[in-house]
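Working notes, beginning with the structure itself.
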Amino acid sequence: MVNGLEVIRRAEFGTTTGHNSALDAALTAAGAVCPSIPDATADEVTAYYEQHGARLPALVFTALGAYTGLSIDQDAAQAGNLPAVHLLTP
């Protein structure tokens, strides 16, 4: 919360929110964060994504489950059979 307002943070697949939050820690621990250009060369980023990109959705779901304590059915979510989820960070 900032000045009494909820802060919304967003992360694209393969990235953190950039706010050093508990969600960022969970994403990193699950291996769901790809290296970025400032931290690696473009070739290294491309090679990492080519090697791990197919597993990225499962890694993100693992991280969100660890962060929220919820079991999230990845297949149901990808099929659009779940309501929207709003994650609040402290």
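Under our numbering, the sequence shown has 84 at position 79, and the numbering climbs by one with no breaks.
The C-beta atom is built at its ideal place from N, Cα and C for all residues, glycine as well.
Problem set entry | Spatial neighbours of Asn25 in its chain, beta-carbon cut-off 7 Å, leaving aside the 5 residues before and after | none
For this session: Would you kindly work out how many angstroms separate the C-alpha atoms of Asp78 and Leu64, rounded to a whole number?
Result: Computed Cα separation, rounded: 13 Å.
For this session: Drop a sphere of 10 angstroms on the beta-carbon of Gly52, count the other beta-carbons inside from all chains shown, and report buried for 16 or more, exposed for fewer.
Result: Sequence check: residue 52 is Ala here, not Gly. That one is exposed.
Exercise. Per DSSP, what kind of secondary structure is Gly19 in: helix, strand or coil?
Worked result: strand
For this session: With distances taken Cα to Cα, identify the nearest neighbour of Leu61 among Ala27, Gly23 and Ala34.
Result: Ala34
Exercise. Among Asp80, Thr46, Tyr54 and Ala71, which has the Cα closest to the Cα of Asp29?
Worked result: Ala71
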